[in-house]
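Worksheet: the structure to be examined is printed underneath.
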RNA sequence: CGGGGUAUAGUGUAACGGUAGCACGAGUCCUUUGGGAGGAUUUAUUCUCGGUUCGAAUCCGAGUACCCCGACCA
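Pasting the structure below:
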C-alpha cells in the first residue's frame, strides 16, 4: 500500500474526549473513528488489524474442530422468553420493535438462537460432539460506555458454542478451548491469565475469564505471581480473602485487569429451556450439555495497544500489525525514488505486507513521527545517505538501534 | 438510572456583555528534506431552541451530545 493513497489522517493531539492511552492512540493514528458513544468505525489501518485478529482466531477455532457459521442479530422475543433472559438480561439486552410492533432482541449473545438452530440437527449421540462459532457484531444496551473500544455498545465478538453427550466430553473440549485461547492471546502479544469467575446471567457454574493485567482495567482480580493462578474479586466474599495461593501457596496480590475472554460450561441450562435432547445408545432421550466461549475483538485490539505502546505511539506485535514493514523514502530524487520503488515491489513479490511512504511533500521528521505513531514493527528507510553505501536502514519499532544493511541482504531480516 | 463536568474550524485552545483570535491540520504558491522544517496566502451557522439586552461565544431557561465517578456489565 502506498501511503500517499491510504485513507487516513493522523492527529498530533487526541480529541479531549479520549482519556486512556489506547483510545487516544487509536484515534490519533486514525485506526478508528467515533460515531457516537460506544460506537466506532474501523478505518483501513484499524480494519487491517481487526482482520488479522479475526484470522488468528479463525485458525485456532478451526484447529479445535470449530465450524464457522453466521447467525442473525435480530432475535425474536419469544425465544428469549423461553430462557427467562428477556427479563433477566435487561440490561444489557437491546430491545426493538418492527412496524407491526413485534418485539426483537438485538443479539447480545447467541445461546438462544444457536440452541434453537441445532435442535433439529442434533438427533442422536452420533451427532455429538459439535462446535460452532461465529464472528459477528454484538449489541449491548449497558448503562454506560467507557474507555473507547474497551466497552462499546456495538462490537465484534467471536462466540463459540459446543455441544456434548456428557460432562466428561464437555470438560475435555473446555480444556481444549482454554489452550486455544492461550495461543490466541500469545499470538496477539498479550499475557492473559486464566481467572476463576462467576457466570453472571449465563450459568451458575464456575467459569474462566482471561484477564490481562492493566492499571486501566475495570475488573479486579487476585493473582499469584508464582504460578499465575487468579480469581475475580467479585467471586470472593470479603471474609474469605485468601492470603496465599490455593494452588502453590505463593503470595497473592490484587490487580486491575481487562477481561479479554470468557469461557463457560453452560451444562444443560439452555438445552433444558429450549428442549435440546439427543437419543442415547439405548434410545433414551438425554439433554445435551453445552459450553460457550467468547472473545471481544475490539476490546482485544484496545488491550493490545494498552499493553504495547510508548509515548510516541503504538508498538504492534508482529502478528497483529496492520503491515509487517513500513518502508520510508526520504528526499525526493530520481535515484532514491527508483530504489525505494524497486524495494517496495520486491518485498511485495515476496509476499511481505508493506506500507510504503512514498509521499514527497512531507519532511523526514513528520514521516518518522507518523511511523512511530502507527507502530508497524519493522521500519526501512531509503535515502540519499543510505544509497551512498548501497544500503538501507532497518529499525524495529520496539528498539532504538538502527542499522544499515545491503540491499542484497534484505531477505535475511524479513 | 443517580452524581459531576464540558460544548468555539478537521484537532487542540483563546476572547470583561462590545471587531470571533491563535497553533496544528487542510488548499494554493515558493523554499525545504534524517525526527511533526520555514515563508506568503486561503480556510467558522461559537451544539440547538428560546429568553434578558442597544448589543450574547459570554448571562438565564430548556433540550441535545460527549466525557468522568457510581450503579450496571460474557
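In the numbering used here, the protein residues as written are 192 to 605.
Using N, Cα and C, we set each Cβ at its ideal position, and we do this for glycine too.
Computed from a predicted model, the values in this text were never measured in an experiment.
For residue 368 against residue 484, the beta-carbon gap comes to about 5 Å, under 8 Å, which counts as contact. Under the DSSP definition of a beta bridge, residue 326 partners with 349.
Checking the DSSP bridge columns, you'll see residue 231 partnered with 225. Rounded to whole angstroms, the gap between the alpha carbons of residue 336 and residue 342 is 5 Å.
Judged by their CB atoms, residue 331 and residue 283 are nearer to each other than the 8 Å cut-off. Just measuring C-alpha positions, the residue of 605, 567 and 490 sitting nearest residue 339 is 490. By the CB criterion at 8 Å, residue 535 and residue 527 fall outside the cutoff. Assigned with DSSP and collapsed to three states, residue 308 falls in helix. Residue 492: member of the alpha helix (DSSP H) spanning 488-498, first to last residue.
For residue 584, the enclosing beta strand (DSSP E) has its first and last residue at 582-587.
Around the beta carbon of residue 513, a 10 Å sphere encloses 16 or more other beta carbons of the protein chains shown; the residue is thus reported as buried. Proximity of the segment 224-235 to the segment 470-477 falls short of the contact definition, fewer than three beta-carbon pairs being nearer than 8 Å.
Within the same chain, and ignoring the five residues on either side of residue 551 in sequence, the residues whose Cβ sits closer than 7 Å to its Cβ are 523. Assignment of beta strand (DSSP E) within the segment 422-497, counting only whole runs of 3 or more residues, yields 443-458, 468-470, 476-478 and 480-487 in chain order.
Annotation: the continuous beta strand (DSSP E) that includes residue 402 extends over 398-404. Residues of the same chain with a CB within less than 8 Å of the CB of residue 208, apart from the 5 flanking positions on each side, are 225 in chain order. Per DSSP, residue 364 has no beta-bridge partner at all.
Distance from residue 304 to residue 262 at the Cβ level is roughly 5 Å; contact confirmed, criterion being Cβ atoms closer than 8 Å.
Under the DSSP definition of a beta bridge, residue 520 partners with 573. DSSP places residue 412 inside the beta strand (DSSP E), whose first and last residues are 410-415. By the beta-carbon neighbour count (other beta carbons within 10 angstroms, threshold 16), residue 313 is buried.
Using a Cβ distance threshold of 8 Å, residue 410 and residue 419 do not count as a contacting pair. Excluding five sequence positions before and after residue 594, the CB atoms of its chain that fall closer than 6 Å to its own CB belong to 585, given in chain order. C-alpha of residue 317 to C-alpha of residue 482: approximately 18 Å in a straight line.
Rounded to whole angstroms, the separation of the alpha carbons of residue 532 and residue 259 is 40 Å. For residue 397 against residue 416, the beta-carbon gap comes to about 22 Å, at or over 8 Å, which does not count as contact.
At a Cβ-Cβ threshold of 8 Å, residue 205 and residue 197 do not count as neighbours. A distance below 8 Å between beta-carbons, with the five flanking residues on each side excluded, links residue 427 to the following residues of its chain, in chain order: 413 and 433. For residue 547, the uninterrupted beta strand (DSSP E) run begins and ends at 545-548, by DSSP. Residue 593 is bridged by DSSP to 586. The beta carbon of residue 356 sits closer than 8 Å to those of 316, 319, 320, 469, 471, 477, 479 and 480, all from its chain and outside the five residues before and after it, given in chain order.
Here residue 556 carries a helix assignment [DSSP, helix/strand/coil].
Listed in chain order, the non-local C-beta contacts of residue 358 below 7 Å within the same chain comprise 480, local neighbours out to five positions each way being set aside.
Straight through space, the alpha carbons of residue 508 and residue 465 are spaced by roughly 43 Å. For residue 389, no beta strand (DSSP E) segment is defined, and its DSSP state is neither H nor E. Residue 245 sits close to residue 326, with the two beta carbons spaced by under 8 Å.
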